[in-house]
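Novice: Numbering (UniProt numbering), first residue to last: 1 to 85. Backbone N, C-alpha and C fix where the C-beta goes; we use that ideal spot for every residue, glycine too.
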Amino acid sequence: MSENYFIVKIVCRNGEYEHSSVKLVASDTEANASQTALLNECRDEVEALNFEDGGVYDLGGEFFYQVRSCQPVPPEDAEILLRYL
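Quick look at the structure:
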């Protein structure tokens with residue numbers, strides 16, 4: 001069985017500062033891809049994270065990460081993206 005890939009866009013807020021990142025994630029479902037992308041952004045251990053407000057607070061609330069979008073990537077496109085990322 002081939003892997004499914006998803007493009008996950010994450011927004012990170014630190015006070016007034018905000019930036020976005022884009023991740024290509026292999027996962028069985030869209031929900032798991034979103035969670036994997038969020039957790040990969042975090043610096044703290046999972047046990048120390050606070051999941052609230054539709055996202056996750058990291059480092060005692062210093063950073064807030066939220067999934068902006070998650071969309072499946074067709075296998076032929078994933079193959080090309082994997083070659084360059």
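Between the C-alpha atoms of E30 and R83, what's the straight-line distance to the nearest angstrom?
Specialist: Each residue's alpha carbon lies about 22 angstroms from the other.
Novice: Note the first and the last residue of the continuous alpha helix (DSSP H) segment covering R83.
Specialist: Unbroken alpha helix (DSSP H) run through R83: 75-84.
Novice: Applying the criterion that 16 or more other CB atoms from any shown protein chain within 10 Å of the CB defines a buried residue, is F63 buried or exposed?
Specialist: F63 should be labelled buried.
Novice: Kindly list the residues whose CB is nearer than 7 angstroms to the CB of S69, restricted to its own chain and excluding five residues on each side of it in sequence; keep chain order.
Specialist: Same-chain partners within the cutoff: K9.
Novice: Do you know offhand how far M1's Cα is from P74's?
Specialist: In this prediction, M1 has a pLDDT of 45, which is less than 50 and means its spatial position is unreliable; what the coordinates show is noted afterwards. Cα to Cα, M1 sits roughly 15 angstroms from P74.
Novice: Let's test the definition: count the other Cβ atoms within 10 Å of the Cβ of D77 and tell me whether it reaches 16, buried, or not, exposed.
Specialist: With fewer than 16 Cβ atoms within 10 Å of its Cβ, D77 is classed as exposed.
Novice: Looking at the ligand FMN, does it come within less than 8 angstroms of A78, judged from the CB to the closest heavy atom?
Specialist: The ligand FMN is not part of the structure shown, which contains no ligands of any sort.
Novice: By the 10 Å Cβ neighbour count, where 16 or more other Cβ atoms means buried, how is G60 classified, buried or exposed?
Specialist: Exposed, since its Cβ has fewer than 16 Cβ neighbours within 10 Å.
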